[in-house]
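Structure first, then comments.
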């Protein structure tokens, strides 16, 4: 496991808000996770082998999309976006005035459980809802209409998506290293400030700011490419996760880097809770001294993890080009293949947060039932007790763990398929495509092992 | 920032009306409600482990606290004033703990702080409570209060400390299980406390500790340590904690098979874990310290019955809404009892507001006997005003058919040790 630990550091790792549930982890440690991990890794490896044997077109065929309906022309997206803004405003107000306990205040519950876990996953699994649910486009349209003014500045094209990458890292740093990211008032201040500055960006630079510099929209649009539902040829279409990636041009470099950073950040989110990482910091995982003492260490870990993943990914691509005897610029292949990382990042996001979502989701139900804490029962739940009983029986723990592992494995299988289809799309012959992909495929098989190891490892937070 | 658990909810009012209709004796209660709703509430700052390593405990501490506050408010509050619970999350982080205490004192203007469980958070927060002269009622089991390392404003009147718990086990162990003991404990402060306190106590009973096996905290496999257990061991004392504890029990069972020495442990290892879980069969016939018996016993008191119903816990110590959701029953009564002591202290001192905080400390320090009652469902206790620590009965249970059955109740005398501090000499 030591070698693996080193490998993980070389590859890459966010701190979850939910706690360690000793009983859940206790049962996970009793599961034959070694066998499950091997089975998961074998599944991903087998996908590679099957792709090598199948005819060239097969890889592409799995991503074929089906047209299901005309694009509805409801024109309501500004209205729903305004509703989203109102909701955010209400949440910020409750963040400042509501209960100080993050499990009783709607602000952290909505941001970290409903949005960060639920809506981000939904975006990747189903498709782009952010077009309707983001809190900026509606108000921006309203402001433009009311004042009749246009944005005074042109967005500097040479900045590309880099402002968004930097802001995303800032978001990740808040989530992973801030001592109290779930403190309602603190979170309300951060969220309110960020909403305002992003709106200022839109006022100054126009909508370009949202798709270049606003990190959350970039994140959502990146995951939106993964969804089952999307638009093609003017119609709503349906296809396997990733089909929209193939239907679009390769992303620009900044956006490509963000896609890799999503996985790097997600992986550190898992790694920083493990006994292994705490051991590295010289911290006894059984008496974790709190997030306030690991701020610097986790900041360094976050940066190193992302750098290591970027480097490893680039190295695999560079090596692949050499093996295949192709000398395309690294930048070009990096942008071509970066979207193949998205399903891995999404699979890990879902797996990592599944357990906290199962607990914190109940607090969300509780708060919807009684939003202001006045004893109302809007959902008819009189005495609603949050339970974590599913962490206490071997059967449910096994089902949860296998669901998490399934998300990781499916993510990697889709990634392998997607990388292959992207290679074929770039117009090289099958033999070269396979050779060129070999290092990346090996990397993805190894990352499956790492992702599953993270799920099986004892955690101290 | 408040969570008002108000006695004057519709249901509460209906109940009161029903009570009023039942007879003239209920009338003063009604009168208290009327007065209470017009008075300023008593603000109790609840330092809760909502997130971080203590969250699983925090959830049950929260549920017990809510139940106790509801009960006290329905009974007319404190001096006729309702309790307003102000919960703040400390992230189970000592630095944030100190910030939360400061918030209670300066921002929320709380009358008292209450409810901290994890020792390192208590140790990190207590100095700030002392500086701000905020009465700080902890529910942590740690020996840090009675050891003298804290201050006059920090009290632990609702739960006993680990030193008294451990030493009170020695007489039963040596008389019934054996005198030759091997200890297995995690190699950090928690384990060291057990090692030191129990070694001394068993020797005082004429027994001996043959071997002390310290396990590194990050260990997840234990079989390699078991050969260190001497053959002549009569009792194996274990206090493993953390995610690997189930593995520990399973491997211990595999190592010994049916012929093991007597095995004694602290329920802390398996708090909130179902004893009847598959893989834990080996625990059958072994003994555990319990702070409060998780399973309703044959001679269950009416107070334990009342406490379970109020918190929403069934006869197996699990949530009434989910039988697999096992509570932290051995510890959480401490929140309930502490809140009743705050009430008793405020009433005894005629507490009016934050200017009377010192009077409240003195009133609690003057407390001694606390008889078993609805306010003290775990059992009778004796408070030591000098050391700010309460002492009470401890329970030893045996696993029988997957349930913990109490086999021994210690006397309070078994739990006493000489004073290590006199906080009353410190200025208020």
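Chains as they are written, first to last, in this note's numbering: chain A, 1 to 461; chain B, 1001 to 1428. We treat Cβ as the ideally placed atom computed from N, Cα and C, and that holds for glycine. Computed from a predicted structure; not experimentally measured.
Can you find a C-beta in chain A that's less than 9 Å from the C-beta of residue i?
i                       : result
residue 1304 of chain B : no
residue 1323 of chain B : yes
residue 1274 of chain B : yes
residue 1041 of chain B : no
residue 1140 of chain B : no
residue 1114 of chain B : no
residue 1279 of chain B : yes
residue 1059 of chain B : yes
From the options, pick the residue whose C-alpha is nearest to that of residue i; which is it?
i                       : options                           : result
residue 408 of chain A  : A/434, A/450 and A/186            : A/450
residue 1259 of chain B : B/1268, B/1282, B/1275 and B/1273 : B/1282
residue 1150 of chain B : B/1169, B/1129 and B/1160         : B/1129
residue 1186 of chain B : B/1158, B/1231 and B/1242         : B/1242
residue 138 of chain A  : A/203, A/318 and A/295            : A/203
residue 184 of chain A  : A/121, A/103 and A/373            : A/103
residue 1188 of chain B : A/32, A/350, A/284 and A/346      : A/284
residue 84 of chain A   : A/61, A/66, A/44 and A/131        : A/131
residue 1164 of chain B : B/1400, B/1422, B/1405 and B/1383 : B/1383
residue 1237 of chain B : B/1183, B/1279, B/1060 and B/1212 : B/1183
residue 1397 of chain B : B/1389, B/1388, B/1408 and B/1387 : B/1408
residue 1418 of chain B : B/1132, B/1387 and B/1399         : B/1387
residue 1077 of chain B : B/1406, B/1344 and B/1376         : B/1344
Below 8 Å on the Cβ atoms is my guess for residue i versus residue j; work out the distance and round it to an integer in Å.
i                       : j                       : result
residue 241 of chain A  : residue 457 of chain A  : Residue 241 of chain A to residue 457 of chain A, Cβ: 27 Å. No contact.
residue 402 of chain A  : residue 270 of chain A  : No, residue 402 of chain A and residue 270 of chain A are not in contact; Cβ-Cβ is about 17 Å, not under 8 Å.
residue 1235 of chain B : residue 1262 of chain B : 5 Å
residue 1264 of chain B : residue 1292 of chain B : Contact doesn't hold; Cβ gap of about 18 Å is too wide.
residue 1156 of chain B : residue 1145 of chain B : 4 Å
residue 1402 of chain B : residue 1392 of chain B : That pair is no contact at about 27 Å.
residue 290 of chain A  : residue 1052 of chain B : 6 Å
residue 227 of chain A  : residue 71 of chain A   : Their Cβ separation, rounded to whole angstroms, is 15 Å, which puts residue 227 of chain A and residue 71 of chain A out of contact at 8 Å.
residue 1354 of chain B : residue 1109 of chain B : 7 Å
residue 364 of chain A  : residue 109 of chain A  : 5 Å
Give every residue of the same chain whose Cβ lies closer than 8 Å to the Cβ of residue i, excluding the five residues on either side of it in the sequence, and list them in chain order.
i                       : result
residue 1202 of chain B : 1170, 1173, 1174, 1179, 1181, 1208 and 1209
residue 306 of chain A  : 12, 169, 260, 261, 264, 265 and 268
residue 1177 of chain B : 1234, 1235, 1262, 1264 and 1287
residue 1305 of chain B : 1296
Apart from the five residues on each side of it in sequence, which residues of its chain come closer than 7 Å, Cβ to Cβ, to residue i?
i                       : result
residue 201 of chain A  : 209, 213 and 214
residue 338 of chain A  : 251, 256, 259 and 260
residue 56 of chain A   : 424 and 430
residue 331 of chain A  : 253
residue 396 of chain A  : 390
residue 1330 of chain B : 1267, 1271, 1290, 1291, 1292 and 1294
Tell me which residues share the same chain as residue i and place their Cβ nearer than 6 Å to its Cβ, disregarding the 5 neighbours each side in the sequence.
i                       : result
residue 1411 of chain B : none
residue 33 of chain A   : 456
residue 439 of chain A  : 316, 319 and 320
residue 140 of chain A  : 202
residue 186 of chain A  : 180
residue 1147 of chain B : 1420
Tell me, please, whether the CB atom of residue i is closer than 9 Å to any CB atom in chain B?
i                      : result
residue 460 of chain A : yes
residue 182 of chain A : yes
residue 238 of chain A : no
residue 175 of chain A : no
residue 392 of chain A : yes
residue 29 of chain A  : yes
residue 384 of chain A : yes
residue 23 of chain A  : yes
residue 389 of chain A : yes
Cβ-heavy atom distance between residue i and the ligand NAP below 8 Å?
i                       : result
residue 1167 of chain B : The model depicted lacks the ligand NAP and carries no ligand whatsoever.
key: Members of the region 1080-1107 of chain B near chain A, C-beta cut-off 9 Å   = 1086, 1087, 1088, 1089, 1090, 1091, 1092, 1093, 1094, 1095, 1096, 1097, 1099, 1100 and 1103
task = Please name the residues in the region 302-313 of chain A whose beta-carbon is closer than 8 Å to at least one beta-carbon of chain B, in chain order.
result = none
inquiry  = Closer than 9 Å between beta carbons: that is the criterion. Which residues of the region 1119-1134 of chain B meet it against chain A?
reply    = 1119, 1120, 1121 and 1124
ask   = Taking Cβ-Cβ distances below 9 Å as the criterion, which residues of the region 260-293 of chain A are in contact with chain B?
value = 275, 276, 278, 279, 284, 285, 286, 287, 288, 289, 290, 291, 292 and 293
request  = Could you run through the region 1228-1251 of chain B and flag, in chain order, every residue whose CB is less than 8 Å away from some CB of chain A?
outcome  = 1241, 1242, 1243, 1244, 1245, 1246, 1247 and 1250
inquiry  = Please identify, using Cβ separations under 8 Å, the residues of the region 1376-1405 of chain B that lie next to chain A, in order along the chain.
reply    = none
key: chain B contacts from the region 89-105 of chain A (Cβ-Cβ distance under 8 Å)   = 97, 98, 99, 100, 101, 102, 103 and 104
ask   = According to a CB-to-CB cut-off of less than 7 Å, which residues of the region 1256-1271 of chain B neighbour chain A?
value = none
Near-chain A residues of the region 1307-1319 of chain B - C-beta to any C-beta below 8 Å = 1312, 1318 and 1319
task = Taking a Cβ distance cut-off of 9 Å, strictly less, list which residues of the region 1043-1055 of chain B are near chain A, in chain order.
result = 1046, 1048, 1049, 1050, 1051, 1052, 1053, 1054 and 1055
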